[in-house]
Amino acid sequence: MSEIILEAKNINKFFTDPIRIQVLNDINFSINKGEFVSLTGKSGCGKSTLLYILSTMDTDYDGTLLIDQMEMPKKNEALLAKVRNEKIGFVFQFHYLLNEFNVLNNVMLPGLKLKKYSTEEVENRAMEKLKILGISQLALKKANQISGGEKQRVAIARALINDPLIIMGDEPTGNLDKKNSDLVFDIFKELSSIYQQTLLIVTHDPSFAERTHRIIHMVDGKIEN
Amino acid sequence: MSKQLLTSIAKSLLIARWKQTLVAAIGVTFSITMFITLLSFMSGLNDLLDGLILNRTAHIRMFNDIKPNDNQPIKLAHKNSNSHHFIESVKSDGNRLAIYNSGAIMESLQKDSRVLGYSPKISTQVFFNDGNIDINGSVFGIEPIQETKLFHFDEYVTSGNSADLSKIDNSIILGKGLASKMLANIGDGIQVTTSKGDRFQLKVVGIFQSGIKDLDNVQSFASIKTVQKIMAQPNNYITDIQIKLKDMTLAPAMAKEYQKLYEIDAEDIQTANSQFETGSSIRTLISYSVGITLLIVAGFGIYNILNMMIFEKMDSIAILKATGFSGQDVKRIFIYIAVSIGIFGGLLGLLLGFGLTSIIDQIPFNTASLPTIKTYPINYNPKFYMIGIVFSLITTYLAGWFPARKASKIDPVIIIRGK
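Protein sequences, first through last, are from chains X and W.
The numbering of the first sequence is the numbering used here, which starts it at 36 and goes up by one.
The numbering of the second sequence is the numbering used here, which starts it at 23 and goes up by one.
Right, dumping it as structure tokens:
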């Protein structure tokens, strides 16, 4: 349980427009395999900014980011895309499903991109993930024909398809009511306890954070111990 | 990379926006249709106009010109002296129009591999006697079979049969204007008077219409033998040899060569008809530029539609990138979309273009000056279809490339955070 999956070393970030402001101030922390971590803090403290840096989508920062003990380059866009595809699963506040595809295909897309398995296998795996999340009956529905809670669960299934090292969530329950939000939390909990899935979830909901293994609290661009 | 996956995503995006796709494809289809129609029609017309002259004109014509002799006798007399000659009142030497040694020349032409064929010809002036009126005109002695093979002679014989010239003794084919002046019909006998005053009875076996009225008013054709008889000349008397080459562009060089070799005047088609080349190349240029303009306009249509599609699909592009599709992949998806619009629209355009030209080909087009033409001329050159499809691919590719590059540069963070 001591294998480090993600490590941030001296990460600083500045916004330069309209004036130079430091949004992240010397961030240092690491996440071990199997941990369920929540990242909390007030609105504007930089927690989402940090998440996008950790997710390799934002490369405009100073410092070093290691995923799976590998340093992430800042310029190689194709390689970063590959890392995101293979090692990171995303769940956003908004589900971002493609309305042109049905639920099953939405889940399959990152898997097909990875090309580790054949199309049939990816399909089987996608069905398996949908079953774990209890929405396998929706597989053939169009993405815009299902409810908000169901969409978020499809998004989680999509995040899981390539068995990522870590799942990152940006307020994944922010748009959901209490019932659905509990449901999503239970799913995360289950993934963590049964499948030893590593999770890093940004949230401003204290009740959500309290139930995770570890809370990283941020204030004004710094991690508060 | 995962080409299949990218094409299937492109396909889904296309189908999801099938109305826009259709509009874009119709734009391409329309422009390709017009491009094909315009070029086929224009080049059909070009061929017709060029053919009007070029089909009937020899690539090289050999004859004895009426001109002063270059070697005046006095030059021979004082060949080696330093004196200078002043000769006045030099007269052209034209008492012998016949080609010397014509039989041998024709025999050597037969062996020349660059020559497609040749046809001997005699031209002479006569008076056509109609009652007490004498009409000035000319009779050409020709070999009807050779003349038809090389210069499409029978296409201009509107009634009667050109082959009858060699079958029926003392027969003649009259120009249309000439025939109507003399009220002569096929089977009628007419009388001609040669410049030397001999009178001859000839039988009309056909009517000839070249499309050029001035010529039809004075010209007539008879077999070589008949003309030799009228002129009381031996059977090796020939005034012109018309040569058709396998490659027309060699004509100027070969004309010079023959001029030296046979000591005769030779004129090539390029010198004689230089204006035609210019005319047709400019007409071709105009039709290409109109066609390509149409395609570029269609390209802008595709550009607009793809730009809008990218604007609408920002979220999808962002999530594709977040889940591991690189900028290159996103770019390819949009280029696939553009090019498939190009292929679909282009192929349909070729088909419709072929259809439209086929319809135009059926529209009657009768004009007195072009007796052989019954419908609008169309040139079904496969080259136009090749150019059409290649250009439709190039323009749609370029029209897709810029929006696709824009899509590939979309930063997913901005879109995801914007919500």
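Even for Gly, the Cβ is constructed at its ideal location relative to N, Cα and C.
Bear in mind the structure is a predicted one, so any value in this text is a computation, not a measurement.
Within chain X, the residues that W:Lys405 reaches when beta carbons sit closer than 9 Å: Reading the second sequence from its first residue, position 383 is the one you call residue 405 of chain W. Ordered by position in chain X, no residue passes the 9 Å Cβ test against W:Lys405, which lies about 40 Å from the chain.
Taking the alpha helix (DSSP H) that X:Gln104 falls in, what are its first and last residues? Stepping through the first sequence from its first residue, residue 104 of chain X is reached at position 69. Boundaries cannot be given for X:Gln104, as no alpha helix (DSSP H) includes it and DSSP labels it neither H nor E.
Going by DSSP in three states, W:Arg83 sits in which element: helix, strand or coil? Walking along the second sequence from the start, residue 83 of chain W turns up at place 61. The DSSP-derived three-state label of W:Arg83 is strand.
Report, in whole angstroms, the separation of the C-beta atoms of X:Arg119 and X:Ser90, which I expect to be a contact under 8 Å. Taking the first residue of the first sequence as 1, we reach residue 119 of chain X at position 84. Taking the first residue of the first sequence as 1, we reach residue 90 of chain X at position 55. That belief holds up - the Cβ atoms of X:Arg119 and X:Ser90 are roughly 7 Å apart, short of 8 Å.
Can you give me the start and stop residues for the beta strand (DSSP E) that W:Gln147 sits inside? Within the second sequence, the letter at position 125 stands for residue 147 of chain W. That run of the beta strand (DSSP E) goes 137-152.
Taking DSSP as the reference, what is the three-state secondary structure of X:Glu121? In the first sequence, residue 121 of chain X corresponds to position 86, counting from 1. Reduced to three states, the DSSP call for X:Glu121 is helix.
Nearest to X:Thr75 (by Cα), restricted to the options X:Ala116, X:Pro207, X:Asn197: For this step, residue 75 of chain X is matched to residue 40 along the first sequence. Distances from the CA of X:Thr75 to each of X:Ala116, X:Pro207, X:Asn197 were compared; the closest alpha carbon is that of X:Pro207.
Per the DSSP calculation, X:Ser73 is bridged to which residue(s)? Along the first sequence, one-based indexing puts residue 73 of chain X at 38. Beta-bridge pairing links X:Ser73 to X:Ile236, X:Ile250.
Chain X contact for W:Ser338 (CB, 9 Å cutoff): On the second sequence, residue 338 of chain W is found 316 positions in, with the first residue counted as 1. Cβ-Cβ to chain X under 9 Å: yes for W:Ser338.
For W:Gln264 versus W:Arg83, is the C-beta spacing smaller than 9 Å? Within the second sequence, residue 264 of chain W is the residue found at index 242, counting from 1. Within the second sequence, residue 83 of chain W is the residue found at index 61, counting from 1. Their beta carbons are under 9 Å apart, which means W:Gln264 touches W:Arg83 by this criterion.
Selection from X:Gly209, X:Gln232, X:Val254 that minimises the alpha carbon distance to X:Ser242: Here the question's residue 242 of chain X lines up with position 207 in the first sequence. Minimum Cα distance to X:Ser242 is reached at X:Gly209.
Using a Cβ cut-off of 8 Å, which residues of the stretch 345-360 of chain W contact any Cβ in chain X, in chain order? Within the stretch 345-360 of chain W, the qualifying residues are Thr345, Gly346, Phe347, Ser348, Gly349, Gln350, Asp351.
Distance cutoff 9 Å, beta carbons only. Does X:Glu259 sit that close to anything in chain W? Position 224 of the first sequence, counted from the first residue, corresponds to residue 259 of chain X. For X:Glu259, the closest Cβ of chain W is not nearer than 9 Å.
Would you check if the distance between the CB atom of X:Leu235 and the CB atom of X:Ile191 is smaller than 9 Å? Position 200 of the first sequence, counted from the start, is the residue given in the question as residue 235 of chain X. Position 156 of the first sequence, counted from the start, is the residue given in the question as residue 191 of chain X. Using a Cβ distance threshold of 9 Å, X:Leu235 and X:Ile191 do not count as a contacting pair.
By the three-class DSSP mapping on this structure, what secondary structure does W:Val112 have? The count along the second sequence starts at 1 and reaches residue 112 of chain W at position 90. Coil, per DSSP.
Using the three-state DSSP reduction, which class does W:Leu119 fall into: helix, strand or coil? Taking the second sequence and counting its residues from 1, the one referred to as residue 119 of chain W is at position 97. The three-state secondary structure of W:Leu119, taken from DSSP, is coil.
The beta strand (DSSP E) enclosing W:Gln213, as first and last residue numbers: Along the second sequence, one-based indexing puts residue 213 of chain W at 191. In the DSSP annotation of this structure, the continuous segment of the beta strand (DSSP E) that includes W:Gln213 starts and ends at 211-216.
CB contact flag (W:Ile54, W:Gly410, <9 Å): By 1-based counting over the second sequence, the position of residue 54 of chain W is 32. By 1-based counting over the second sequence, the position of residue 410 of chain W is 388. Yes; because the gap between Cβ atoms is below 9 Å, this pair is in contact.
Touch test, the stretch 28-41 of chain W against the stretch 293-300 of chain W, Cβ-Cβ under 8 Å, three pairs minimum: With a cut-off of 8 Å, the stretch 293-300 of chain W and the stretch 28-41 of chain W do not count as touching, because too few Cβ pairs lie within range.
Nonlocal neighbours in the same chain, by C-beta distance under 8 Å from W:Gln223, ignoring five residues either side: Here residue 223 of chain W refers to the residue found at position 201 of the second sequence. For W:Gln223, the CB contacts under 8 Å within the same chain, skipping 5 residues up- and downstream, are Asn192, Gly211, Ile212, Gln213 in chain order.
Who are W:Phe243's beta bridge partners in DSSP? Within the second sequence, numbered from 1, the residue matching residue 243 of chain W stands at position 221. Looking at the DSSP assignment, W:Phe243 forms a beta bridge with W:Phe162, W:Ile195.
So is W:Ala38 in contact with chain X if we call contact Cβ pairs under 9 Å? Counting from 1 along the second sequence, the entry for residue 38 of chain W is found at position 16. Closer than 9 Å to some Cβ of chain X, the Cβ of W:Ala38 qualifies, so yes.
Leaving out five residues on either side along the sequence, give the residues of the same chain with a beta carbon under 7 Å from the beta carbon of W:Lys251. Here residue 251 of chain W refers to the residue found at position 229 when the second sequence is read from its first residue. So no residue of the chain qualifies.
Which of helix, strand or coil DSSP assigns to W:Leu272: Walking along the second sequence from the start, residue 272 of chain W turns up at place 250. In the structure shown, W:Leu272 sits in a helix (DSSP, three-state: H, G or I).
Need the endpoints of the beta strand (DSSP E) that W:Gly228 sits in, please. If you number the second sequence from 1, residue 228 of chain W lands on position 206. Residues 221-230.
Do we get a CB-CB distance below 9 Å when we pair X:Met36 with the residues of chain W? Mapped onto the first sequence, residue 36 of chain X falls at position 1. Reliability fails at X:Met36, whose pLDDT of 46 lies under 50, so the model's placement of it is uncertain and no value is given.
Should X:Lys117 be flagged as near chain W, meaning a C-beta pair shorter than 9 Å? Start at 1 with the first residue of the first sequence, and residue 117 of chain X comes out as number 82. Closer than 9 Å: yes.
Within 9 Å of any Cβ in chain W, is that where the Cβ of X:Pro145 sits? Against the first sequence, residue 145 of chain X aligns to sequence position 110. It does; some Cβ of chain W falls within 9 Å.
Status (buried if at least 16 other CB within 10 Å, exposed otherwise) for W:Glu165: Mapped onto the second sequence, residue 165 of chain W falls at position 143. Here W:Glu165 is buried: its Cβ has 16 or more other Cβ atoms, across all protein chains shown, within 10 Å.
Bounding residues of the alpha helix (DSSP H) (the contiguous stretch that carries W:Gly422): In the second sequence, counting from the first residue as 1, residue 422 of chain W sits at position 400. From DSSP, the alpha helix (DSSP H) with W:Gly422 extends over 404-430.
Meets three-Cβ-pair contact criterion under 8 Å: the stretch 194-210 of chain W and the stretch 150-167 of chain W: Yes, the stretch 194-210 of chain W is in contact with the stretch 150-167 of chain W.
Rounded to whole angstroms, what is the Cα-Cα separation between X:Ser171 and X:Lys164? In the first sequence, the residue the question calls residue 171 of chain X occupies position 136. In the first sequence, the residue the question calls residue 164 of chain X occupies position 129. Going from the Cα of X:Ser171 to the Cα of X:Lys164 covers about 8 Å.
Neighbour list for X:Glu158 in chain W, Cβ cutoff strictly below 7 Å: Here the question's residue 158 of chain X lines up with position 123 in the first sequence. Correct list: empty, because the minimum Cβ distance to chain W is about 13 Å.
If distances are taken between C-alpha atoms only, which option among X:Asp103, X:Thr94, X:Phe223, X:Phe64 comes closest to X:Thr247? On the first sequence, residue 247 of chain X is found 212 positions in, with the first residue counted as 1. In terms of CA proximity to X:Thr247, X:Phe223 leads the group X:Asp103, X:Thr94, X:Phe223, X:Phe64.
List, in order along the chain, the chain X residues whose C-beta lies closer than 8 Å to that of W:Pro434? Position 412 of the second sequence, counted from the first residue, corresponds to residue 434 of chain W. Chain X residues near W:Pro434: Met92.
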